[in-house]
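For reference, the structure discussed in these notes is given below.
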Amino acid sequence: MNHYSALSILRHGLTGNRHWSRAWRDPAPKPSYDVVIVGGGGHGLATAYYLAKEHGIRNVAVLEKGWLGGGNTGRNTTIVRSNYMMPGNTMFYERSMQLWENLSQDLNYNVMISQRGQYNLCHSPAQMDAARRRGNIMRANGIDAELFDRAEVMRRIPYLDYSENARFPIHGAIYQGRAGTARHDAVAWGYARGADKHGVDLIQQCEVVGYIWDKDRIVGVETTRGPIRAKKVALAVAGHTGHLAGKAGLRLPVETHVLQAFVTEPLKPMVDSVISFGAAHFYISQSDKGGLVLGGDLDGFNSYAQRGGLPIVEHTLHSAKALMPSLSRLRLLRHWAGVMDMSMDGSPIIGKMPVEGLWLNGGWCYGGFKATPASGYCFAWTIAKDEPHPDNAEFTLERFERGCQIDEKGAGPQPNAH
Amino acid sequence: MTARRLPSGGRIDRSRTIRVQFDGRSFVAHPGDTLASALLAGGQTLLARSFKYHRPRGLMAAGVEEPHALVHLRDGNRHEPNAQATMVEAFDGLKSTSQNAWPSLQFDVGAVNGLMSRFFGAGFYYKTFIGPLKGTGFWMFWERLIRRAAGMGRATTLDDPDHYEKINAFCDVLIAGTGPAGLAAALAAGRKGENVILVEQDHVLGGSLLNEQAGAPSDTWLSHAEAELRDLPNVRILSRTTAFGAYDTEVFGLVERFQDHVRAPEAGKPRQRYWLVRTKRAILATGAIERPMVFAGNDVPGVMLASAVRKYLNRYAVLAGKNVVVATNNDSAYTPALELAKAGAKVVICDLRRNIPAGLADSVKKAAIDLRLGQAVLKAEGGKSVRGTYIVPVDSNGRATAKGTRVICDLVAVSGGWAPALHLWSQRFGKPQYHASLDAFLPPAEKGAFLCVGSLAGAASLQEALSQGHAAGGSIGREPSLSGPDDFWGRDLMPVTVITKADGSTPGKAFVDFQHDVKLADVDQAYLEGYVSVEHLKRYTTSGMAADQGKTSNLNALARMATLRGMEIPSVGTTTFRPPYTPVAIGAIVGHDHGLYFRPTRLSTIHDWHKENAAEMIEAGAWLRPWYYPAKGENIRGAYIREAAHVREHVGIVDVSTLGKIAAQGPDTAEFLNRMYANGFKTLEIGRLRYGVMLREDGFIMDDGATARLGQNDYFMSTTTANAAKVLAMAEHLLQTAWRDLKVHVTTVTDQWAAIAIAGPKSRDLLTAVTKADLSKETLPNNHLAYVLVADVPCRLHRMSYSGELAYELYIPAKSGRKVWEALVAAGAPFNLKPYGTEAMGALRIEKGHVAGAEIEGRTTMKDLGLEAFASSKKPFVGSVLRKRPVLEDPKRPSLVGLEIIGNTGAKAGSLLFSLNGPTKGHGEGWVSSTTYSPALKKNIALALLARGPARIGETIQVVDFLGSQTLQAKVVSHHFFDPEGHRQNG
Amino acid sequence: MLRIHCPVCGLRDETEFTYGGDATMRRPDMTESDPKAWVDYVFIRDNPRGPHKEYWHHVTGCRQWLIVKRDTLTHEISGSYLAREVADLADEVAA
Amino acid sequence: MPAHGVTSDGAAVVINETNLGFLTQLAGWARFSEVADAALRAQSLSLSENFRVTVRRGMVTAWRIAPDRVLIRSDVKLSLESSDDLAVLDLSEARVCLTLEGAGAAGLLSRVIALDFSEAAFPVGTFAQTALHHVGVLVDRPGRDQFTILIPTTWTTSLIGLLTDHLARAA
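Chains as they are written, first to last, in the working numbering: chain A, 1 to 418; chain B, 1001 to 1987; chain C, 2001 to 2095; chain D, 3001 to 3171.
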């Protein structure tokens, strides 16, 4: 295993880059493990990493049906932030932010955390009030937040539409300076390399097709590479949670929906922070490579196809030009889609399931990427200790029958509204 | 490289001369040229600098696959970055400049990166800049510099002066591509009478036929075919149009570059048009893109695709070089080689294959071409222009087997086979099939409603392409017949494109992805590090992720990885293609839907009066509403306090037309309302009103409003402005599914009625004067309605109060809204009537303790908001079971209270509440939902949700606004601040 | 973009409709007082990967609620019905 | 109003707001066909089985807008009463009537409405309920180059603005 540093780059460069070793091993599955994590995305890999690092549980396998990081980890708009106001969410996402802030050093892998700040624009006095409530909760919990009036927003991001023509004038914005972006693929690879270093087996091209049961207890998984027994089976399969939980006889408060993302041709630096439009679901940032990364609404109907439609392309680009008229002559380079587990209140589920032997981490809606470190951290804790960490204590499956939905938007039990 | 324009030939209009500019230098061109062909004709071979190493780059291609020649186009507010010179039609006065180079294209400081390239390998950034300390500061310091160096073109922040349109189109068959196969398909389908949309990205039809020498036999067929198609009224031909995306249910997105080939669009013409096409079936005839080869120096200006060299020669009459090395692994490069020789170039062909078809060998011999079989270009030499090649004999893996020879040349024409342009197909259906003999991915000839024809489907000859097209179109009329050169690339291709030394390395940088500067060595390194799946390879090296989306690189990267892994290409995988096929301008997709037309605007029929009377307007969902009516020099605070005080003292009117209104009709309406609302509605009498609260299915409050019973079967529901559509949709859903037993119809009548609230102690007097009706307390008590005439307009008067004053809502036939409003204003003078806006309305309702959107925010229950008394316990209603879930019954939940702020400063909505001496940490004990200065109480007051709220009345608490650095104290009081007994509204 | 057949209006763009989710969920009777039944109805979904019966509201057209049979993996639509005309919402469209 | 102009294809259009007259919705339940048909016969009309075909006689027009609803435009107010089988609703104030005329009328509508306005797909004498810039409208085609659009009153200014914006940009 190479330690990464400027020095290692120098050394390998001088020897023709012919001696790099694998970032992670490619082991064959063993017959049994202490913990089998299903899903080799950011969450599954982070879980494995923290299981090994924090809890010393190293006899772990991560099973991935395709290639590591091939799901939503590699399909999102890379935004990280911790501006949540609902109890249960606030500190969870802040833990994630704090883990992000030192993640590159922790993993010895530059995941390119760029704390370039995020603006949530407000377009009415009511939105300003709601932003103030959110910001105050953040501040009272030790999280940075600022509220800007129109003049300040105009000074900071002058290229938005402040003209008479703006259909929804900008009244102000709530800003989190520590928010920003990360290099999404690097997050998966960094965790993979870290987990591997601690002895975790990362097994790609290994699809889970069913469970091994001992009476009514799950004791392993059936895979395309044979049966693998495990003391604990943990699912972290965003987009496919319902499908795999279904095989264990669980029905979930989750619908699977498709979410698109967009990138323009590469440009010299233009947008230096993350900006979220408040008049429609739309946000924009610029990647280090120069492409403007745009995000919008869900396509709106149940879908497992990693393919979006034109209505949302139009909706997103309408919003783009409405917010920033000069985008008009720039060109959309590519749009793609991922499938999201949209939960009934917009918040995730992390915990032990009513089926013995099964743990689940899912229902991330669009919040999954920014949650990756805390999700892995808390899920690992929950699996290792058989009880939730305080930061994920509210993310239970039972909250719906108990009446404590964590509904950040107040949109109600309508998955496509979150 | 010594390109020049030939004295004759080509498909350009030599009768006219135009001038184009590049980096301030002027070039002569002719209509029919592209910017690329004009620059090439003028000898400008250096056009760009590469992304990472800032290497000099020229033209590699002549079409959409061009990876190098991206330029800035036009200037000022029409400035546009990243334009492909090969796709820009030349027009007189065209201005272009180079990008990503400093201080100049010729001497670019960034080229120093090239010297450091051994350290900039795959994954460079992931391994460096991690920083010695904790935190993100170290990386972010470097990131600023890296961002500046990255990116390609520079964008303008000026508004786009041009306009765009969207057009909805429908057809029976959409045909993408007007090469021989596409035209044959269009002819057959057109003759059949199908509605055809025929799409061509070029400005002329013909596709690959245009690369034939002018005057070729196919020209006659082409002109006849085009003439016939243009005569068919059922065929719509869209040239300068790209089908950029294929979507579900046979929907295609096209962008027509309607006026992009001129300096500025003609007056009235959109720059581009976005066609949204719904078709029954699609015929894809999008052709194929030639593959480059991977060898050292394969990016040096002067190394071009053989097909591009041919296109420049035959279409633009530009001879790209005099001494040409043709490097190929298939037959298709022989035609350009022969044509180049004929045009006077000295040609050497090195073909990887040891044997070639006899016919080819003969013709080459006749043309005195130096043919070297079993050889390949190991290295192209040169900096800003190619100077020569190093040619070696190679084995079947593309490895040099012996020392080679140096051949001086000024042009290298390369063909590494062809890749069918299956992007549209793949966008829709995903993974295509790999065909080993063609070393290419191909779509199936037919899938769903898609047919693929021509080179896209691997047609082996011009005639086969025509036949496929003819059949796909419906085989109507005579099948076209044409013979072309016998040079099918797939006939005897040797599937090797990577040329290395015997040890597998390249003597210099060999590029796989040109635009992103991904080298063969980067692929090799990715392999070493285990990034071996095609998606890892792509993401780790960024191969295929540039603006050309890997049109020339995907297959070569894949092939290399397959070699390294010792696998077949399909086992390594293929990436699926994502729309758009080529980048599309954002403005084109937006059309008119920006600025004021980003979303439609909803206006009350009284709107113009408000504007004429200087109201400040405010967005409320899609509506604009009067916010306040400032007197001269008055700010919002002054205005709302004055307006609210005026209502309490005299009388005011406010436009409430935005309230949602629903007609609920039918014999079972009472039962329907009884189920919809938490309140009982069975006993509501005709002529009476009742306030109601409606829950979501999960038991949280959804909306509130008053319902009037107008007749036996006839009810009038009102909703909040925000929730009107949601309530109607839910009612329709229940009535059409679970409650089909109910004979009820609901219809929106929001637009049928304008509405004005008249509030204040003088409201009855005013209305009596205006209506001449008896509106006394006895005839029209609170929560009753009456039918009145105002200015001869028959209206309905609801007596109900939101402000807590004696108040009415007047429902007016919408189109008479302004007339009635003006009648009230006119008659109001003696009563000192003033209009008021939503801000004063808010102040009044807060004084009265009524909840609104800030309290009904999707997470509050009836209990939370002190509305429990309205919930009937005698009947089930929507949400009645789930509202009783355990956590929702917890008395510790934040519940509605009033706050009297101590001191002279008002609290801000969104402030948090804490116990007086408790810590100000965490989520607090509640929050301030709505605030106002109360003119009636002469105090700053607020509505708030406070844990165990009602039990804490009398307590003093802290109100903290961290964001505004403000800590206040407030007394917890009942939210019914003003006239809690309702004397005024019931008076 | 989906093109959805409305039995009243004909084949229309998805943009004329709003989505209403799983149509196999049967709303408990109004008199049902067991919270479990309501929790199930309101929150819990089968969320199938493949054939799906779902509500669409033709909101800018005839304002009818439809039940559409659509595959969540391929997006292929294989039938649409007026919700009001389907006798038993859970079972009828199974054919 | 009227607004004269051309589309970007150069085809002429005239947009005009005309008097709607009276608009009445009849809705019903199981006996709707029978009851509505009877009510329509009083106006010398009949209930169409078809949701596309406009039924017109003289100054009275009927559109079957849903299985159990029909919308009637008339020059005089209809004297109909609600009953247990029929719900009568006056919507005269809830819609504004816009006419588009000229060779460019269909082309202009194609730019703002997702429908096929070719004569084969949208024959003269038919109608459709659809979305114009996200707003539900009813489009009727009394003549080849002639369209009538019923727009919800409060959206009218905005939608006319969008239509005339197309003409203004194309001017």
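Glycine included, each C-beta is placed from N, C-alpha and C at the ideal position.
Note that the coordinates shown come from a computational prediction; the quantities given were computed from them, not determined experimentally.
Check                                                                                                                            : Outcome
Short-range partners of chain D found in the stretch 1660–1673 of chain B, where Cβ spacing is below 7 Å                         : Ala1663, Gln1665, Gly1666 and Pro1667
Beta-bridge partners of Asn1674 of chain B, as assigned by DSSP                                                                  : According to DSSP, which records beta bridges pairwise, Asn1674 of chain B is partnered with nothing at all.
Chain A contact for Lys1127 of chain B (CB, 9 Å cutoff)                                                                          : yes
Inter-residue CB distance, Val1412 of chain B and Val1364 of chain B (contact presumed, cutoff 8 Å)                              : About 17 Å; that fails the 8 Å criterion.
Rounded C-alpha distance that separates Asp3037 of chain D from Ala3027 of chain D                                               : 11 Å
Pairwise C-alpha distance: Met1841 of chain B and Ser1930 of chain B                                                             : 12 Å
Identity of the residue in B:Ala1731, B:Thr1582, B:Gly1687 and B:Gly1404 nearest Met1702 of chain B by Cα                        : B:Ala1731
Short CB-CB distance (under 9 Å) between Glu1143 of chain B and chain A                                                          : yes
Option in A:Ala280, A:Ala245, A:Leu267 and A:Asn392 with minimal Cα separation from Leu323 of chain A                            : A:Ala280
7 Å Cβ shell around His1423 of chain B - same chain, five flanking residues per side excluded                                    : Phe1577 and Tyr1581
Proximity winner among B:Thr1683, B:Ala1083 and B:Cys1452, relative to Asp1075 of chain B (alpha-carbon distances)               : B:Ala1083
CB contact below 9 Å: Asn17 of chain A versus chain B                                                                            : yes
Beta-carbon proximity check, Gly998 of chain B vs Leu310 of chain A, cutoff 9 Å                                                  : The requested residue 998 of chain B does not occur in the structure, where chain B is confined to residues 1001 to 1987.
Spatial distance of Thr1506 of chain B from Ile1018 of chain B (CA atoms)                                                        : 43 Å
Chain C within 9 Å of Arg3052 of chain D, Cβ atoms only                                                                          : yes
Partners in chain C for Val3135 of chain D, counting only beta-carbon separations shorter than 9 Å                               : Thr2060
Pairwise C-alpha distance: Thr256 of chain A and Pro1891 of chain B                                                              : 35 Å
Near the ligand ATP: Phe277 of chain A beta-carbon under 8 Å from a heavy atom                                                   : The ligand content of the structure shown is nil, which means the ligand ATP is not present either.
Among A:Asn59, A:His19 and A:Asn76, the one whose alpha carbon lies nearest that of Phe262 of chain A                            : A:Asn76
Beta bridge counterpart(s) of Asp201 of chain A as assigned by DSSP                                                              : A:Ala61
Spatially closest choice to Leu3089 of chain D from D:Phe3147, D:Arg3169, D:Ala3105 and D:Ile3072, by CA coordinates             : D:Ile3072
Member of B:Asn1211, B:Ala1345, B:Phe1295 and B:Leu1232 whose CA lies at the smallest distance from the CA of Ala1003 of chain B : B:Ala1345
Residue(s) in a DSSP beta bridge with Glu1619 of chain B                                                                         : B:Leu1624
Run of the beta strand (DSSP E) containing Tyr967 of chain B, from where it starts to where it stops                             : In the structure as shown, chain B begins at 1001 and stops at 1987. Residue 967 of chain B is therefore absent and cannot be evaluated.
Residues that Asp1159 of chain B contacts on chain A, provided the C-beta gap is smaller than 7 Å                                : Pro325 and Ser326
Those runs of the alpha helix (DSSP H) which lie wholly inside the stretch 1117–1197 of chain B and span at least 4 residues     : 1124–1127, 1137–1149 and 1180–1192
CB contact below 9 Å: Thr3130 of chain D versus chain C                                                                          : yes
Min CB distance Asp2034 of chain C to chain A below 9 Å                                                                          : no
Interface partners of Arg1885 of chain B on chain C, CB under 7 Å                                                                : Pro2035
CB contact below 9 Å: Phe1612 of chain B versus chain C                                                                          : Here the sequence assigns Glu to residue 1612 of chain B, which means Phe is not the residue at that position. Answer no: the Cβ-Cβ gap between Glu1612 of chain B and chain C never drops below 9 Å.
Rounded Cβ spacing between Gly1416 of chain B and Thr1497 of chain B (contact assumed at less than 8 Å)                          : 4 Å
Outcome for Tyr1787 of chain B when other beta-carbon atoms lying within 10 angstroms are tallied against a minimum of 16        : exposed
Given Leu250 of chain A as reference, the closest of C:Asn2047, C:His2075 and C:Leu2082 once Cα atoms are compared               : C:Asn2047
Nonlocal neighbours in the same chain, by C-beta distance under 6 Å from Gly1443 of chain B, ignoring five residues either side  : Strictly speaking, residue 1443 of chain B in this sequence is Pro, with Gly absent from that position. So the list reads Leu1422, Trp1425, Pro1432 and Cys1452, once near-sequence residues are dropped.
C-alpha distance - Tyr1808 of chain B paired with Trp3155 of chain D, whole-angstrom precision                                   : 26 Å
Proximity of Ala1122 of chain B and Asp1548 of chain B at Cβ, strictly below 9 Å                                                 : no
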